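This report refers to the structure that appears directly beneath it.
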Amino acid sequence: MSFARICRKERFGERFVCFELEERDIASQARPGQFVMVRPGFRVFDPLLPRPFAVLSANDDRFSLLFEVVGKGTELLSYLEVGDVVEVLGPLGRGFSLDARFGILLAGGRGLVPLVFLAREFEKRGILFSFFLGVRKRKDLALLRLLEDLPRVLWSCEEAVSGGFCGTVLDLVGKCLERALWQGAKIYACGPEGMLRELATVFPGKEEDIEVALEARMGCGFGVCLGCAIPRRGGGYWHVCSDGPVFRLSEVVL
Amino acid sequence: MSFARICRKERFGERFVCFELEERDIASQARPGQFVMVRPGFRVFDPLLPRPFAVLSANDDRFSLLFEVVGKGTELLSYLEVGDVVEVLGPLGRGFSLDARFGILLAGGRGLVPLVFLAREFEKRGILFSFFLGVRKRKDLALLRLLEDLPRVLWSCEEAVSGGFCGTVLDLVGKCLERALWQGAKIYACGPEGMLRELATVFPGKEEDIEVALEARMGCGFGVCLGCAIPRRGGGYWHVCSDGPVFRLSEVVL
Amino acid sequence: MNLSVTLGRMTLKNPVVLASGTCGYGREIAPYLDLNTLGAITVKGLSLFPWEGNPPPRLFEVRAGLLNSIGLENKGVERFLQEDLPFLEALDTRVFVNIWGKTVEEYVAVARKLDAIERIDALELNVSCPNVEKGGASFLLDPEALRELVGRVREATGKFLIVKLGPKLQDWEVTVRILEEEGAEALSVTNSFPAMVVDVERMDFVFAMKSAGLSGPAIKPLALKMVYDLVGMTELPIIGMGGIMTAEDALEFLLVGARAVGVGTANLVAPSSAVDILEGIKAYLLRKDMENIEDLIGRVR
Amino acid sequence: MNLSVTLGRMTLKNPVVLASGTCGYGREIAPYLDLNTLGAITVKGLSLFPWEGNPPPRLFEVRAGLLNSIGLENKGVERFLQEDLPFLEALDTRVFVNIWGKTVEEYVAVARKLDAIERIDALELNVSCPNVEKGGASFLLDPEALRELVGRVREATGKFLIVKLGPKLQDWEVTVRILEEEGAEALSVTNSFPAMVVDVERMDFVFAMKSAGLSGPAIKPLALKMVYDLVGMTELPIIGMGGIMTAEDALEFLLVGARAVGVGTANLVAPSSAVDILEGIKAYLLRKDMENIEDLIGRVR
Ligand SMILES: Cc1cc2nc3c(=O)[nH]c(=O)nc-3n(C[C@H](O)[C@H](O)[C@H](O)COP(=O)(O)OP(=O)(O)OC[C@H]3O[C@@H](n4cnc5c(N)ncnc54)[C@H](O)[C@@H]3O)c2cc1C
Ligand SMILES: Cc1cc2nc3c(=O)[nH]c(=O)nc-3n(C[C@H](O)[C@H](O)[C@H](O)COP(=O)(O)OP(=O)(O)OC[C@H]3O[C@@H](n4cnc5c(N)ncnc54)[C@H](O)[C@@H]3O)c2cc1C
Ligand SMILES: Cc1cc2nc3c(=O)[nH]c(=O)nc-3n(C[C@H](O)[C@H](O)[C@H](O)COP(=O)(O)O)c2cc1C
Ligand SMILES: Cc1cc2nc3c(=O)[nH]c(=O)nc-3n(C[C@H](O)[C@H](O)[C@H](O)COP(=O)(O)O)c2cc1C
Ligand code: FES
Ligand code: FES
Chain A
1301 MSFARICRKE RFGERFVCFE LEERDIASQA RPGQFVMVRP GFRVFDPLLP
1351 RPFAVLSAND DRFSLLFEVV GKGTELLSYL EVGDVVEVLG PLGRGFSLDA
1401 RFGILLAGGR GLVPLVFLAR EFEKRGILFS FFLGVRKRKD LALLRLLEDL
1451 PRVLWSCEEA VSGGFCGTVL DLVGKCLERA LWQGAKIYAC GPEGMLRELA
1501 TVFPGKEEDI EVALEARMGC GFGVCLGCAI PRRGGGYWHV CSDGPVFRLS
1551 EVVL
Chain B
1301 MSFARICRKE RFGERFVCFE LEERDIASQA RPGQFVMVRP GFRVFDPLLP
1351 RPFAVLSAND DRFSLLFEVV GKGTELLSYL EVGDVVEVLG PLGRGFSLDA
1401 RFGILLAGGR GLVPLVFLAR EFEKRGILFS FFLGVRKRKD LALLRLLEDL
1451 PRVLWSCEEA VSGGFCGTVL DLVGKCLERA LWQGAKIYAC GPEGMLRELA
1501 TVFPGKEEDI EVALEARMGC GFGVCLGCAI PRRGGGYWHV CSDGPVFRLS
1551 EVVL
Chain C
406 MNLSVTLGRM TLKNPVVLAS GTCGYGREIA PYLDLNTLGA ITVKGLSLFP
456 WEGNPPPRLF EVRAGLLNSI GLENKGVERF LQEDLPFLEA LDTRVFVNIW
506 GKTVEEYVAV ARKLDAIERI DALELNVSCP NVEKGGASFL LDPEALRELV
556 GRVREATGKF LIVKLGPKLQ DWEVTVRILE EEGAEALSVT NSFPAMVVDV
606 ERMDFVFAMK SAGLSGPAIK PLALKMVYDL VGMTELPIIG MGGIMTAEDA
656 LEFLLVGARA VGVGTANLVA PSSAVDILEG IKAYLLRKDM ENIEDLIGRV
706 R
Chain D
406 MNLSVTLGRM TLKNPVVLAS GTCGYGREIA PYLDLNTLGA ITVKGLSLFP
456 WEGNPPPRLF EVRAGLLNSI GLENKGVERF LQEDLPFLEA LDTRVFVNIW
506 GKTVEEYVAV ARKLDAIERI DALELNVSCP NVEKGGASFL LDPEALRELV
556 GRVREATGKF LIVKLGPKLQ DWEVTVRILE EEGAEALSVT NSFPAMVVDV
606 ERMDFVFAMK SAGLSGPAIK PLALKMVYDL VGMTELPIIG MGGIMTAEDA
656 LEFLLVGARA VGVGTANLVA PSSAVDILEG IKAYLLRKDM ENIEDLIGRV
706 R
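Those protein sequence lines, which keep their order, are chains A, B, C and D. Okay, so the first sequence: first residue is 1301 according to our numbering, each after it adds one. Okay, so the second sequence: first residue is 1301 according to our numbering, each after it adds one. Okay, so the third sequence: first residue is 406 according to our numbering, each after it adds one. Okay, so the fourth sequence: first residue is 406 according to our numbering, each after it adds one.
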């Protein structure tokens, strides 16, 4: 675990906070889809465990995270300000494969985090992609700021927004992505479990070419506690932190 | 318990933080020597209990606290900023008597807090007094800012300070207060236990006229847990929160 | 919405009870919450004679928990009746009195005195205080002593009789059978847990008695398991407690089968906790569209 | 400064041990701390055959504590020997292997297989896992079953034999006598505590097995008391554990008489915890001007 200073803090809408953190090792090693474990620097034991967050971006000696305030850990983190220090461990886990010819990136809510990193990497490598983002509430559209300079971004919102598509990201995809378009593509998705479960129906026969970044309740984040088990296709369990968090859809039971 | 917004935050030296808090009931009722219980507004249970702090000043709808960062509770409190909210309960306990003709106020370190409040009250009532403050470290002399506009303030420091008295507050008192001066006075003291214990020696025969504001590990602060017991002169226990925190020196065994 | 619960022949207007030792004799906490909104208040453990309790320090905060070594300080049953009963008389809620003694005779004598007082609704026998050598946990380690104690107190009073258990139970099944046979009418589960802390700088125990009782959030998952297990072992109604800080905590105990919940350490953290917990339970019932709190009790087994 | 401690015939270079189930098979945690600086590492509980463990969720954080229901997932003794032994062979620290079985025979079979491996310094018999029905806590509830288990394993191996206890002990004195008689050489105290959590929104248990094991800071004062009590009951050396997060925590256990300390949940919170704890112990000895860690052990009784 190392200490990282918060050097930028930005809020997106009501529930999302973005930190830019100074930590050279993580910044230089992180790859899209990997995550870090983070604890607020208070010396207290409630909350106890560090929390896992996907890496949003990384360059030189800084990397960024973006998190949704959902419980006490993220609430406490959201109180921290520029100059405060957090404990971080990472980069951890197995990231996305980067060998696509064409990518379709599907993000539900905070699921956009690892996909934004992936999109930047695709840009660097000249890999073409489309980015689909679905959010629940109008206010969450603040997240679009993260995608401003990306080409081919489409979004949807479950609350009605004038001039916007109303529905989930998969509704949106269903409306505007024809089979011909996705058949040659590799699909990368991150979002709520319900959304990921539906992918198999929306993209029949593509399970081998869909990579999903999963969440699980974690203890350690590096493979010792065996707490982050999820069912493996064919029996037994994967461990999200060490076998994932990115899996082919064909490998897991959601 | 009510919620109070921090409307001013000031640091004194390295280890002391002063909050001005908005809470009309406490502000209008608090008397010198009384205290409040405070919790940081984070919804976590480590630290668990609220912490007791003497009232530094109170007027209209605001009151102030000054605390030393000594452990995890005060550390967490020190992270709070203007606009943040804390939970407070009070005012609690029995304050100083205000019937002196002449007062000698003896403060060791953070023990100055209730005595500053008392001094202001004496000023209002036209009661004459001398204020003695002793601090351990040079940097703690920042606390003198709180006493700037008071008359007759004397101070000492255990670290050598050019132009200052080197020693404890009781050394200082011994040097410059003759028996004739203190014999007609009422003495008010607050500070480390060792200092309070020594009072009986420094002011022989005065135990009835010395009021000390004591600290004890507290649970509730309002008399239900019986956790804040201290030995009572003559056997049994007092409860600091409800019988005190101000006691006559003759009532307690230190 | 019907919040009332029955514990055998006892009815409470709602399941939220103030736990003994954390609400004084009632008067002390009264300025901070409306006692009449609660199901019951359990006053500090009383003995036949006033009792000084343990020397300080008596409290030590640990992570998400509180160690206490109060040592059952109390003013004795006589002074209680003089000084505090009048206040309690005026209340519109159930009054439980927690009692203890250094011998069976003392328990019996206290029970007799209280039996005569109409306003008192129930006696809660503390047989599980981790902080005094006699009059406490030793009864839980000796089934026959427990049998005698409960039997003799039962003879001495017609009041509703609650027995307060702690985790030091020797053999649970045996204990529970004895309590049933000897006429206990409800169980309070649980008292604080025997625990210890050492001051490493001074190289000594923090507490004069070496060990102390752990209460608060730290013990909640343990207390919940105890209550769950005991609900499965007996028909006696159980007042579940141990680390209840929020309405969600209280609901967990009710869902596994506790028929009432005790709020202890939370009162020290914020004296209005019990009322907040009750309000939270109401909000939950509304949200879940449940009319009757009974529909909740024991639903998760 | 002499940090080495003896547990009977076993010597550790210092008293800090990684607790089973929180450091994998060693390799997983190795990138984050220098294992060779520690007194010993205890690998994840092994069984005769690979074992899938419990369905998710397997973890739930509570206040200052962690509930786990891993269910002893492990790769089985064979794969361990193939995949992990080579890494452990190269270490310069003691290697303890935690074992469990669904029957006495399985325990014995695992013990036999490991007995043949020179590199392994000790076997730790897990008789206190709160998360699986067999192969766990049931032995602590049945003295005669425990006697058979320990006796049979003792016959099967000449390795240093540790028995890992949990709080569900039936009668402590009886248990301890049995362990002494059957040839246990040290005790690990304590495993996680049986605990429970209910999801009030879903109105269901969080865990498929209903209960789970509580570890972490919440249990420290309880574990310390257990260790203190057991040190007073037996000459067997005790590895104290339960909620040790800092050097001060570890020192508390040593001061009441534990001869070594296990670091568990703290490894999940920060994988370098054990090394930080060791450094803190050294700093304390320096500060207290103590040459020998033995001077500390059992000093507060
Ligand atoms: C690999 C991975 C990457 C993630 N990336 C992001 C991200 O980039 N941005 C973001 O906002 N969130 C992300 N999450 C989810 C995030 O970890 C949880 O929202 C967070 O841990 C909740 O903590 P809390 O204390 O606020 O909530 P609480 O509900 O109070 O947490 C209590 C416990 O549950 C665990 N927990 C709760 N929800 C989740 C969850 N969905 N997944 C895992 N553990 C959970 C916590 O770790 C903690 O142990 C990621 C999760 C994983 C596993
Ligand atoms: C009536 C009263 C008035 C006080 N007024 C002031 C004040 O004006 N300014 C100030 O800086 N401090 C004051 N104190 C002391 C202050 O309450 C403690 O310094 C503070 O509680 C320490 O909390 P912590 O979490 O930082 O320390 P920790 O050591 O982590 O606290 C752990 C536990 O010990 C208790 N504790 C530790 N030290 C003390 C102590 N000396 N007295 C009581 N409890 C203690 C805490 O309440 C907590 O329960 C007062 C204490 C009392 C009883
Ligand atoms: C300060 C304090 C004093 C207590 N005094 C008593 C008592 O006199 N009699 C008793 O039966 N229980 C006593 N208890 C135990 C509580 O009633 C309760 O059973 C226990 O603390 C667990 O609940 P909690 O975690 O909500 O506090 C006391 C607890 C505390 C913290
Ligand atoms: C995730 C996890 C897995 C564990 N697995 C085992 C195990 O396989 N065998 C065992 O004897 N104890 C196991 N334990 C118990 C720990 O070794 C330790 O005894 C307990 O957690 C108390 O210590 P702690 O509070 O420092 O974690 C496990 C604990 C945790 C948290
Ligand atoms: S989180 Fe510990 S093994 Fe994955
Ligand atoms: S702090 Fe609870 S009685 Fe004084």
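Every residue gets a Cβ at the ideal spot worked out from N, C-alpha and C, and that includes glycine. Given the structure is predicted, the values throughout are model-derived calculations rather than measurements.
{"Query": "Contact set between the segment 671-686 of chain C and chain B, restricted to residues whose Cβ is under 8 Å from the partner", "Result": "N672, L673, V674, A675, P676 and S677"}
{"Query": "Pocket of ligand 6 (residues with CB nearer than 7 Å to any heavy atom), chain order", "Result": "B:M1518, B:G1519, B:C1520, B:G1521, B:F1522, B:G1523, B:V1524, B:C1525, B:L1526, B:G1527, B:C1528, B:H1539, B:V1540, B:C1541, B:S1542 and C:L673"}
{"Query": "Beta carbon of I567 (chain C) nearer than 7 Å to that of S593 (chain C)", "Result": "yes"}
{"Query": "Within chain A, partners of F1345 (chain B) - CB distance below 8 Å", "Result": "D1346"}
{"Query": "Proximity of L519 (chain D) and V502 (chain D) at Cβ, strictly below 7 Å", "Result": "yes"}
{"Query": "Extent of the continuous beta strand (DSSP E) run through G667 (chain D)", "Result": "A665 to V668"}
{"Query": "Cβ shell of G621 (chain D) (< 6 Å), same chain only, five flanking positions each side left out", "Result": "G470, L471, G648 and T670"}
{"Query": "Residues in the segment 1360-1382 of chain B having any Cβ partner in chain A nearer than 9 Å", "Result": "K1372, E1375, L1376, Y1379, L1380 and E1381"}
{"Query": "Cβ separation of G667 (chain D) and R706 (chain D), assumed to be a contact under 8 Å, to the nearest whole Å", "Result": "Actually they are not in contact, since the Cβ atoms of G667 (chain D) and R706 (chain D) sit about 21 Å apart, beyond 8 Å."}
{"Query": "F565 (chain D) and A527 (chain D) closer than 7 Å at C-beta", "Result": "yes"}
{"Query": "Minimum Cβ-Cβ distance from E657 (chain C) to chain D less than 7 Å", "Result": "yes"}
{"Query": "Whole-angstrom distance between G413 (chain D) and S1364 (chain A), CA atom to CA atom", "Result": "52 Å"}
{"Query": "Pick from B:I1326, B:F1432, B:D1471 and B:V1512 that is closest to L1446 (chain B), judged by C-alpha positions", "Result": "B:F1432"}
{"Query": "CB contact check: R1533 (chain B) to chain C, cutoff 7 Å", "Result": "no"}
{"Query": "Own chain residues within Cβ distance below 6 Å of F612 (chain C), not counting five before or after", "Result": "S474"}
{"Query": "is_contact[A469 (chain D), chain A] using C-beta, thresh 7 Å", "Result": "yes"}
{"Query": "Below-7 Å beta-carbon distance, L428 (chain D) vs any chain A residue", "Result": "Reading the sequence as shown, one finds Cys at residue 428 (chain D) and not Leu. It does; some Cβ of chain A falls within 7 Å."}
{"Query": "3-residue-minimum beta strand (DSSP E) runs that sit fully inside the segment 1394-1448 of chain B, ordered along the chain", "Result": "1402-1408 and 1428-1435"}
{"Query": "Beta strand (DSSP E) segment containing E699 (chain D), residue limits", "Result": "Here E699 (chain D) belongs to no beta strand (DSSP E), and DSSP marks it neither H nor E."}
{"Query": "Assumed close pair G1411 (chain B), G1491 (chain B) - CB separation to whole angstroms, cut-off 8 Å", "Result": "3 Å"}
{"Query": "Contacting residues, own chain, Cβ-Cβ under 6 Å from W1538 (chain A) (five flanking each side not counted)", "Result": "I1530 and R1532"}
{"Query": "Proximity test, A1354 (chain A) beta-carbon vs ligand 1 heavy atom, cut-off 6 Å", "Result": "yes"}
{"Query": "Straight-line Cα distance separating T1468 (chain A) from L1514 (chain A)", "Result": "18 Å"}
{"Query": "Neighbour flag for S1517 (chain A) against chain D, beta carbons, 7 Å", "Result": "The sequence as given places Arg at residue 1517 (chain A); Ser does not occur at that position. Yes, because at least one Cβ of chain D sits closer than 7 Å to the Cβ of R1517 (chain A)."}
{"Query": "Buried versus exposed call for G1349 (chain B) [16 or more other C-beta atoms within 10 Å across all chains shown]", "Result": "The sequence shown places Leu at residue 1349 (chain B), not Gly. Counting Cβ neighbours within 10 Å, L1349 (chain B) comes out buried, since at least 16 surround it."}
{"Query": "is_contact[I377 (chain C), chain B] using C-beta, thresh 7 Å", "Result": "Only positions 406 to 706 of chain C appear in the structure, and residue 377 (chain C) is not among them; the question remains open."}
{"Query": "Check whether N672 (chain C) and T411 (chain C) have beta carbons under 7 Å apart", "Result": "no"}
{"Query": "Three-state secondary structure assigned by DSSP to N473 (chain C)", "Result": "strand"}
{"Query": "Cutoff 7 Å: R704 (chain D) Cβ touching any chain C Cβ", "Result": "yes"}
{"Query": "Same chain, Cβ closer than 7 Å to R432 (chain D), five either side skipped, listed in chain order", "Result": "D489 and F492"}
{"Query": "Cα-Cα separation between E657 (chain D) and V632 (chain C), rounded to whole angstroms", "Result": "31 Å"}
{"Query": "Burial state of K569 (chain C), where buried means 16 or more other Cβ atoms lie within 10 Å", "Result": "buried"}
{"Query": "L1415 (chain A) at chain D interface by Cβ criterion, 7 Å", "Result": "no"}
{"Query": "8 Å contact criterion, which L417 (chain D) and A445 (chain D) should meet: CB distance rounded", "Result": "6 Å"}
{"Query": "Start-end ranges of the alpha helix (DSSP H) lying completely within the segment 1446-1483 of chain B, minimum 4 residues", "Result": "1469-1476 and 1479-1483"}
{"Query": "Cα-Cα separation between T442 (chain D) and R692 (chain D), rounded to whole angstroms", "Result": "21 Å"}
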